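One structure is given below, encoded as structure tokens.
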Amino acid sequence: MRCIQVVNVRWYNATAWYGVTLAHCLQKAGHESLVAGLAGTPPLEKAKAMGLPTIALPFNTQSPVKLVELWRGMGDLVRSFRPDVVNCHRGEAFILWALMKRSGGFALVRTRGDRRLPRGGFVNRWLHCSAADAVIATNSLMARHFFEALHVPSSRLHTILGGVDTERFHADDAARQKMRQSYGYGEDDIVMGLLGRMDSVKGIKESIEALALARKLSSKAQRLRFLVIGFDSEFSTADVARWTREQGLGELGHVVTVTGKVEYPEAVISALDFGILASLGSEAIARAALEIMACGVPLISSTTGVMPDLVPGPYCFAPGDTQAMAERMVQALDEEWRSELAGICRERIFQGGLRLEDFLSSTLKVYEEAVRRT
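Numbering-wise, the sequence shown is residues 54 to 427 according to my numbering.
Quick look at the structure:
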């Protein structure tokens, strides 16, 4: 099968990761794949580094002149590559692919990995119910919206959460010992970790506030340490240091630590006793959550985005609810509680269709059904 992944994203976010990773999986399985995106952007650079063919087109343009250039470029691509499937991971230019589908002879798939729910209206209903041969939602909340608000037929609607590379992300006792030693953690320390970019939506500030509250709720919480696996983005390490001092947790490096950019996040994840996903929004695709869970690390989480699909309610909290976050942190002090949650997370990955090979097989099934409709 010949597949084009349209990943017209300006940065390498979760949507881009989903599309590029899928293209790589397809290519490795013998399905010729190409990634189409925006010139000079990280998704195309990442795809090239994986050995994938790429093409840059002005998918996000609003210029009439550029739109003509885009239409011609899309036509040239379809004629030269002859795709069986075109999979759009963003809405820009989706309507152009829908119009080109009539003469292009390919199946059109729309994957929605955005936290924003699509609007109704005639055009959107036509695009998703008629033009697209299949619609993939990356979480059940989005799938329900497609079904209830846009009336996408259930036969064309699918939920695929993505997948994690379990050969790379897995429990590693040797890495655990090495990383804990390198960050100065002792045997009595219980290390909570958050993996993600240092943006306000990730809830790092709220996690620090909840940690301070947890230490007031239980004397045992003095053993808690917080490891932020990330680097400067919307805010800096200096901001984290300030929040830490404001909450009475001392200087950075005592209770709260920021790793900075790490080459092997899987090794650092192994140092954790439990993970926390504290996002206030987003998480339509939860790459970090899958990586933590695949490493055998129990995960507590907010209920945003895809997370209710991954972590059961008793281990979750409402986004930004620092009291509930603190209570979950206190519960996580109990080794038996953590062990039970680790088993749930492990089962969700390995028996719940969340490995890369599951991601590939689920998507291929959708593609095959879509091609039969063309």
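Heads up, the beta-carbon is just placed ideally off N, CA and C, and yes, glycines get one too. Bear in mind that the values here come from a model prediction, so they are computed numbers and not experimental data.
Residues near Leu333 in its chain [Cβ-Cβ closer than 6 Å; skip 5 each side]: The sequence position of residue 333 within the sequence shown is 280, counting from 1. Counting only Cβ-Cβ distances below 6 Å, and skipping sequence neighbours, we find Val254, Gly256, Pro372 and Gly373.
What distance in whole Å lies between the Cβ atoms of Ala263 and Met382, which are believed to be in contact at a cut-off of 8 Å? For the purposes of this step, residue 382 is identified with residue 329 of the sequence shown, where counting begins at 1. For the purposes of this step, residue 263 is identified with residue 210 of the sequence shown, where counting begins at 1. Sure, about 6 Å apart at Cβ, within 8 Å.
Simplified DSSP state of Ala102, which is helix, strand or coil: The residue given as residue 102 occupies position 49 in the sequence shown. The answer is helix: DSSP assigns Ala102 an H, G or I state.
Tell me whether the stretch 108–124 and the stretch 78–93 touch, counting them as touching only if at least three CB pairs, one residue from each stretch, are closer than 8 Å. Yes: at least three Cβ pairs fall under 8 Å.
Nearest candidate by alpha-carbon position, reference Val359, set Leu149, Leu170 and Val60: Locating residue 359 in the sequence shown gives position 306, counting from the first residue. In terms of Cα proximity to Val359, the closest of Leu149, Leu170 and Val60 is Leu170.
Using only the alpha-carbon positions, how far apart do Thr357 and Ala320 sit? As a working mapping, residue 357 is identified with position 304 in the sequence shown. As a working mapping, residue 320 is identified with position 267 in the sequence shown. Their Cα atoms are separated by approximately 26 Å.
Within 7 Å, strictly: CB atoms of Arg340 and Ala67: In the sequence shown, the residue the question calls residue 340 occupies position 287. In the sequence shown, the residue the question calls residue 67 occupies position 14. Yes, these two residues count as a Cβ contact at 7 Å.
If you run the structure through DSSP and keep just helix, strand and coil, what is Ala337? One-based indexing of the sequence shown puts residue 337 at position 284. Ala337: coil per DSSP, three-state reduction.
Hey, would you say Arg143 sits closer than 7 Å to Ser335, going by beta carbons? Reading the sequence shown from its first residue, position 90 is the one you call residue 143. Reading the sequence shown from its first residue, position 282 is the one you call residue 335. Contact flag unset, no.
Secondary structure of Val188, DSSP reduced to three states: Taking the sequence shown and counting its residues from 1, one reaches residue 188 at position 135. Strand at Val188.
In its own chain, which residues sit with a C-beta less than 6 Å from the C-beta of Glu85, not counting the 5 before and 5 after it? What you label residue 85 is simply residue 32 of the sequence shown in a count that begins at 1. Within the same chain, Glu85 has close Cβ partners Arg55.
So what does DSSP say about Leu302, is it helix, strand or coil? Residue 302 sits at position 249 when you count from the first residue of the sequence shown. If DSSP states are grouped into helix, strand and coil, Leu302 belongs with coil.
Which residue marks the beginning of the alpha helix (DSSP H) containing Met360, and which one marks its end? As a position in the sequence shown, residue 360 is number 307, starting the count at 1. Under the DSSP assignment, Met360 falls in the alpha helix (DSSP H) whose first and last residues are Met360 to Leu363.
Beta-carbon gap between Leu407 and Gly216 smaller than 7 Å: In the sequence shown, the residue the question calls residue 407 occupies position 354. In the sequence shown, the residue the question calls residue 216 occupies position 163. With respect to Gly216, Leu407 sits close: the two C-beta atoms are nearer than 7 Å.
Pick helix, strand or coil for Phe403, following the three-state DSSP scheme. For the purposes of this step, residue 403 is taken as the residue at position 350 of the sequence shown. Phe403 falls in the helix class under three-state DSSP.
Going by beta-carbon coordinates alone, are Val281 and Leu325 separated by less than 7 Å? As a working note, residue 281 is residue 228 in the sequence shown. As a working note, residue 325 is residue 272 in the sequence shown. No, they are not a contact pair.
Here's the rule I'm using: 16 or more other beta-carbon atoms within 10 Å means buried, otherwise exposed. How should Asp226 be labelled? Taking the first residue of the sequence shown as position 1, residue 226 is located at position 173. Counting Cβ neighbours within 10 Å, Asp226 comes out exposed, since fewer than 16 surround it.
Report yes or no: do the stretch 139–153 and the stretch 55–64 share at least 3 C-beta pairs separated by less than 8 Å? In short, these stretches touch, since the Cβ pair count reaches three.
Decide if Tyr317 is buried, meaning its Cβ has at least 16 other Cβ atoms within 10 Å, or exposed. Looking up residue 317 in the sequence shown gives position 264. Result: exposed.
Suppose you measure from the CA of Ile402 to the CA of Ala347; what does that come to, to the nearest Å? Locating residue 402 in the sequence shown gives position 349, where the first residue counts as 1. Locating residue 347 in the sequence shown gives position 294, where the first residue counts as 1. Going by the C-alpha atoms only, they are around 6 Å apart.
Identify which residue in Glu299, Asp218, Glu220 and Arg197 has its Cα closest to the Cα of Leu210. As a working mapping, residue 210 is identified with position 157 in the sequence shown. The option with the nearest alpha carbon to Leu210 is Arg197.
Just to confirm my understanding: we take Asp252, look at its own chain, exclude 5 residues before and 5 after, and list those with CB closer than 6 Å. What are they? To locate residue 252, count along the sequence shown from 1; it is residue 199. Annotation for Asp252: Ser286 and Glu287 place their beta carbon closer than 6 Å to its own, counting only its chain and skipping 5 residues before and after.
Curious, which full-length alpha helix (DSSP H) runs of at least 4 residues does the stretch 199–260 contain? Taken in chain order, the complete alpha helix (DSSP H) segments of 4 or more residues contained in the stretch 199–260 are 226–235.
Val364 to Ala82, Cα distance in whole Å? Translated into positions along the sequence shown, residue 364 becomes position 311. Translated into positions along the sequence shown, residue 82 becomes position 29. Here the alpha carbon of Val364 sits roughly 30 Å from the alpha carbon of Ala82.
8 Å Cβ shell around Ser207 - same chain, five flanking residues per side excluded: Within the sequence shown, the letter at position 154 stands for residue 207. Counting only Cβ-Cβ distances below 8 Å, and skipping sequence neighbours, we find Phe200.
Check this for me: beta carbons of Leu305 and Ala379, under 7 Å apart or not? Locating residue 305 in the sequence shown gives position 252, counting from the first residue. Locating residue 379 in the sequence shown gives position 326, counting from the first residue. Contact: no.
Phe279: first and last residue of the uninterrupted beta strand (DSSP E) it sits in: Reading the sequence shown from its first residue, position 226 is the one you call residue 279. Run containing Phe279: Leu277 to Ile282, per the beta strand (DSSP E) assignment.
Between Thr114 and Leu120, what straight-line distance do the alpha-carbon atoms span, to the nearest angstrom? Against the sequence shown, residue 114 aligns to sequence position 61. Against the sequence shown, residue 120 aligns to sequence position 67. Roughly 7 Å between the two C-alpha positions.
When you compare only the Cα positions, how much space is there between Ala100 and Trp150? What you label residue 100 is simply residue 47 of the sequence shown in a count that begins at 1. What you label residue 150 is simply residue 97 of the sequence shown in a count that begins at 1. Straight across, the Cα-Cα distance linking Ala100 with Trp150 is about 21 Å.
What number of angstroms, rounded off, separates the C-alpha of Thr74 from the C-alpha of Met103? Taking the first residue of the sequence shown as position 1, residue 74 is located at position 21. Taking the first residue of the sequence shown as position 1, residue 103 is located at position 50. Inter-residue distance for Thr74 and Met103 is about 9 Å (C-alpha atoms, whole angstroms).
Tell me which same chain residues have a C-beta within less than 7 Å of the C-beta of Gln384, skipping the five on either side of it? If you number the sequence shown from 1, residue 384 lands on position 331. Around Gln384: Trp390.
Put Phe112 into one of helix, strand or coil per three-state DSSP. The sequence position of residue 112 within the sequence shown is 59, counting from 1. In this structure, Phe112 counts as coil in the three-state DSSP scheme.
Does the Cβ of Gly349 have 16 or more other Cβ atoms within 10 Å, making it buried, or fewer, making it exposed? Counting from one through the sequence shown, the residue named residue 349 turns up at place 296. That one is buried.
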